[in-house]
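Shown next, in structure tokens, is the structure this report addresses.
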Amino acid sequence: EAVVHWFKRDLRLNDNRALHLAAAKAKSKNVPLICMFIVSPQDYQAHLTSPARVDFELRTLAIMKADLGAMDIPLYVTSIEKRKRIPEHIMQLCERWGARHLYCNIEYEVDELRREAMMARKCLERGIAFTAVHDDVVVPPGTLKTGQGKQFAVYSPWFRAWIAHVHKHPELLEAFEAPGQNPFSAREKFKEVFEMVIPAAPPNKSLSDEEKKRFERLWPAGEHEALERLDRFLSERIGTYKDTRNFPAANSTATISVHHSAGTLAARTSVRRARDANSTKKLDGGNLGIAGWISEVAWRDFYKHVLAHWPYICMHKPFKYEYTNIEWEYNDAHFDAWCTGRTGFPIVDAAMRQLNHMGYMHNRCRMIVASFLAKDLLIDWRMGEIYFMEHLIDGDFASNNGGWGFSASTGVDPQPYFRIFNPLLQSEKFDPEGEYIRKWVQELAEVKGKAIHDPYGRGAGDIAKRNGYPKPIVDHRKCRERALARYKAGIGRE
Ligand code: FAD
Numbered sequence: 147e148a149v150v151h152w153f154k155r156d157l158r159l160n161d162n163r164a165l166h167l168a169a170a171k172a173k174s175k176n177v178p179l180i181c182m183f184i185v186s187p188q189d190y191q192a193h194l195t196s197p198a199r200v201d202f203e204l205r206t207l208a209i210m211k212a213d214l215g216a217m218d219i220p221l222y223v224t225s226i227e228k229r230k231r232i233p234e235h236i237m238q239l240c241e242r243w244g245a246r247h248l249y250c251n252i253e254y255e256v257d258e259l260r261r262e263a264m265m266a267r268k269c270l271e272r273g274i275a276f277t278a279v280h281d282d283v284v285v286p287p288g289t290l291k292t293g294q295g296k297q298f299a300v301y302s303p304w305f306r307a308w309i310a311h312v313h314k315h316p317e318l319l320e321a322f323e324a325p326g327q328n329p330f331s332a333r334e335k336f337k338e339v340f341e342m343v344i345p346a347a348p349p350n351k352s353l354s355d356e357e358k359k360r361f362e363r364l365w366p367a368g369e370h371e372a373l374e375r376l377d378r379f380l381s382e383r384i385g386t387y388k389d390t391r392n393f394p395a396a397n398s399t400a401t402i403s404v405h406h407s408a409g410t411l412a413a414r415t416s417v418r419r420a421r422d423a424n425s426t427k428k429l430d431g432g433n434l435g436i437a438g439w440i441s442e443v444a445w446r447d448f449y450k451h452v453l454a455h456w457p458y459i460c461m462h463k464p465f466k467y468e469y470t471n472i473e474w475e476y477n478d479a480h481f482d483a484w485c486t487g488r489t490g491f492p493i494v495d496a497a498m499r500q501l502n503h504m505g506y507m508h509n510r511c512r513m514i515v516a517s518f519l520a521k522d523l524l525i526d527w528r529m530g531e532i533y534f535m536e537h538l539i540d541g542d543f544a545s546n547n548g549g550w551g552f553s554a555s556t557g558v559d560p561q562p563y564f565r566i567f568n569p570l571l572q573s574e575k576f577d578p579e580g581e582y583i584r585k586w587v588q589e590l591a592e593v594k595g596k597a598i599h600d601p602y603g604r605g606a607g608d609i610a611k612r613n614g615y616p617k618p619i620v621d622h623r624k625c626r627e628r629a630l631a632r633y634k635a636g637i638g639r640e
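Residue numbers for the sequence shown follow the UniProt record's numbering, so the first one is 147 and each next one is one higher.
This is the structure:
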């Protein structure tokens, strides 16, 4: 007999609900615990997973394999091209290992829920107990309802309900202990699993040697790094988070999203540690930086709640149905300029170059570039959503879709469509000294003062031109009028 834990986007040993339950079951039955992770190139393709993210996961798995190995727990990792074959493969492994218990944490996307439903059926047919539990979010989707018993589609009241619920149920933040030594030495029996090597990234998701080094340096993998990063943030920067979080040059956010998204860090761990650092020992009140940060982590929960309740957002449909018929521009040159950071709007270009270099972009800039694509360029926001997923190391369907819907005014709790970001004002307000722009747009490094925000319009055109920096590809004022008209007409159209 054996107990199996199936890792997915929960790549950690600490504070992992399903893994903890699996380990407890193995202990109670005095049978070996075996862990597994299935790499599926087709899954990566379907989810538009970025090569940087695939690399991050594989690096993390190598760390986990060593950590588990030190506890005599084997980690089986293999690559299966067709994702449809995964459930059957897992069943065959369970049979081979004599496993009667299979554990995993739930993922809320439609494909994943279908896969889990198939697993449940297959397990039933074979007499294997299948346990899939909530772990990815602090408050499981479906728990919170409005006074009328409906689902929340607006963040603020949802967040108030979230806070009240967690305060009432502090157990939601309790940590799940990591598994200890395997209760049953599995070294001999599972020798070949211990010896398995982590597969290489599929060719279409591989990084060049230079990129590999760069991403390893920028984003060290694994849960130990995640916890250290969290601790550093909590001790050094969280206090000023509320006042500084919107300034991309300030380096004041936790830069921890890749860990939440790959599951090297549980959102629960982050919220618990932040709460414990608060003078009130609560999620709100006390230190404004801490309370503000917790409310941002809660956005992640909120978007998973939206995903679970309105699954059609997984099918490229806008949350707001009436926004289905907006007539978008499909201008390849504009889209290409946006992707490569050559729009002639320095703040937009700086942000896109940060994304292309780091697989990461500051939240304020994500909003600016998303608004610019959907409103100024009037390009279908879903093209931007896809580009983000293909390049972000922290790509997460729910947060990304939520962020795009918010910025393009097609999503849950959006900016009203007539509120259109002015890229110049955003730039002046959130990068007042132009530090962020100078860092990422080398062509403008020597531009002094306020001209950095609009070099051609503010007397620095010579420098910009000499260094090959493009002129603005559109006129914001005209674009604004066009967007207002198109959105208005689109909503009116049946
Ligand atoms: P911090 O400010 O330190 O916040 C702490 C944590 O809270 C983050 O790590 C993240 O897990 C969560 N969080 C913060 N803000 C948000 C938010 N607005 N929505 C959801 N969760 C949030 N986040 C992703 O993790 N993956 C994505 O694919 C993603 N795509 C986005 C696309 C757009 C258009 C927009 C506007 C936002 C997107 N975000 C996404 C949310 C947010 O930009 C990032 O989570 C944040 O920038 C990560 O940096 P940080 O870890 O320093 O965040």
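Using N, Cα and C, we set each Cβ at its ideal position, and we do this for glycine too.
Residues that residue 184 bridges to, as DSSP identifies them | Bridge partners of residue 184: 224.
Under 6 Å from any heavy atom of the ligand FAD, does the C-beta of residue 539 make it?
-> For the ligand FAD, not one heavy atom lies less than 6 Å from the Cβ of residue 539.
For the ligand FAD, any of its heavy atoms closer than 6 Å to the Cβ of residue 362?
-> Answer for residue 362: no, Cβ out of range of the ligand FAD.
In chain order, what residues of the same chain lie with their CB nearer than 6 Å to the CB of residue 576, ignoring the 5 residues before and after it?
-> Excluding positions up to five away in sequence, the list reads 392, 393, 510.
By Cβ distance below 6 Å, which residues in the same chain neighbour residue 455 in space, the five residues on each side in sequence not counted?
-> Its chain contains 297 as the residues whose beta carbon lies nearer than 6 Å to that of residue 455, once the 5 sequence neighbours on both sides are disregarded; these appear in chain order.
Would you mind sorting residue 461 into buried or exposed? The rule is 16 or more other CB atoms within 10 Å of its CB.
-> Its Cβ having fewer than 16 others within 10 Å, residue 461 is exposed.
State the DSSP-derived secondary structure class of residue 279, mapped to helix, strand or coil.
-> In the structure shown, residue 279 sits in a strand (DSSP, three-state: E or B).
Once you ignore the five residues that flank residue 229 on each side, which residues in its own chain have a CB closer than 6 Å to its CB?
-> Here the set comprises 186, 188, 189.
Proximity below 7 Å, CB of residue 494 to CB of residue 569 | Yes; because the gap between Cβ atoms is below 7 Å, this pair is in contact.
Measuring from the CB of residue 193, is there a heavy atom of the ligand FAD at a distance below 6 Å?
-> Because no heavy atom of the ligand FAD lies under 6 Å away, the Cβ of residue 193 does not count as near it: no.
Residue 527 to residue 541 span [Cα, whole Å] = One alpha carbon belongs to residue 527, the other to residue 541, and they sit about 16 Å apart.
Measuring CA to CA, which of 248, 416, 183, 538 is closest to residue 161?
-> Of the candidates 248, 416, 183, 538, the residue whose Cα lies closest to the Cα of residue 161 is 416.
Around the Cβ of residue 572, are there at least 16 other Cβ atoms within 10 angstroms (buried) or fewer (exposed)?
-> That one is buried.
Ranges of the alpha helix (DSSP H) found wholly within the region 149-198, counting only runs of at least 4 | Taking only runs of at least 4 residues, the alpha helix (DSSP H) segments lying wholly in the region 149-198 are 163-175, 187-192.
For the region 517-536 and the region 546-554, state whether three or more C-beta atom pairs, one from each stretch, are separated by less than 8 Å.
-> Proximity of the region 517-536 to the region 546-554 meets the contact definition, three or more beta-carbon pairs being nearer than 8 Å.
Figure out for me which residue from 342, 488, 546, 607 has the closest Cα to the Cα of residue 507.
-> Across the set 342, 488, 546, 607, the C-alpha of 546 shows the shortest separation from the C-alpha of residue 507.
By Cβ distance, which residues of its chain are closer than 7 Å to residue 215, with the 5 residues on each side in sequence left out?
-> Around residue 215, the same chain offers 340 as residues with beta carbons nearer than 7 Å, after the five sequence neighbours per side are excluded.
In its own chain, which residues sit with a C-beta less than 6 Å from the C-beta of residue 504, not counting the 5 before and 5 after it?
-> Excluding residues up to 5 positions away in sequence, 364 lie with their Cβ nearer than 6 Å to the Cβ of residue 504 in the same chain.
Per DSSP, residue 475 is paired with what?
-> DSSP, once it has assigned bridges, lists 525 as partnering residue 475.
Would you kindly report the start and end of the unbroken beta strand (DSSP E) that includes residue 251?
-> Start and end: 245-251.
Residue range of the alpha helix (DSSP H) that includes residue 466 = Segment: none, residue 466 is in no alpha helix (DSSP H) and carries neither H nor E.
Contact between the region 582-593 and the region 459-475: three or more CB pairs below 8 Å?
-> Counting C-beta pairs with one atom in each stretch, the region 582-593 and the region 459-475 have fewer than three that are closer than 8 Å, which means they do not touch.
For residue 148, which residues of its own chain have a beta-carbon under 6 Å away from its beta-carbon, when the five flanking residues on both sides are left out?
-> For residue 148, where only same-chain residues beyond five positions count, the Cβ hits under 6 Å are 177, 178, 180, 243, 244, 245.
Check: residue 509 C-beta below 6 Å from any heavy atom of the ligand FAD = For the ligand FAD, at least one heavy atom lies less than 6 Å from the Cβ of residue 509.
Rounded C-alpha distance that separates residue 166 from residue 203 = Between the alpha carbons of residue 166 and residue 203 lies a gap of roughly 21 Å.
Under 7 Å between C-beta atoms of residue 237 and residue 327 | At a Cβ-Cβ threshold of 7 Å, residue 237 and residue 327 do not count as neighbours.
Is residue 608 helix, strand or coil when you go by DSSP?
-> Secondary structure of residue 608 (DSSP, three-state): helix.
Sorted by chain position, which residues of the same chain lie with C-beta nearer than 8 Å to residue 254's C-beta, five sequence neighbours on each side aside?
-> Shown here for residue 254: same chain residues with a beta carbon closer than 8 Å to its own, the five before and five after excluded, namely 282, 287, 450, 453, 454, 544 in chain order.
To the nearest angstrom, how far is it from the Cα of residue 428 to the Cα of residue 349?
-> Cα-Cα distance, rounded: 47 Å.
With residue 401 and residue 368 assumed to form a contact (beta carbons below 8 Å), what rounded beta-carbon distance in angstroms separates them?
-> Between the beta-carbon of residue 401 and that of residue 368 there is about 15 Å, and that puts the pair past the 8 Å contact cut.
Backbone CA spacing between residue 201 and residue 240 [nearest angstrom] | Distance between the alpha carbons of residue 201 and residue 240 is about 28 Å.
Alpha-carbon spacing of residue 579 relative to residue 150, whole angstroms = Distance between the alpha carbons of residue 579 and residue 150 is about 54 Å.
Top-ranked residue by Cα proximity to residue 335, from 443, 219, 318 | Nearest option by C-alpha distance: 219.
Could you name the residues of the same chain whose beta carbon sits closer than 6 Å to that of residue 534, not counting the 5 residues immediately before and after it, in chain order?
-> Excluding positions up to five away in sequence, the list reads 546.
Collapsed DSSP secondary structure at residue 289 in the structure displayed | Three-state result, residue 289: coil.
CB-CB under 7 Å to residue 299, same chain, minus the five flanking residues each way: which ones, in chain order?
-> Once the five neighbours on either side are set aside, the close Cβ partners of residue 299 are 558, 559.
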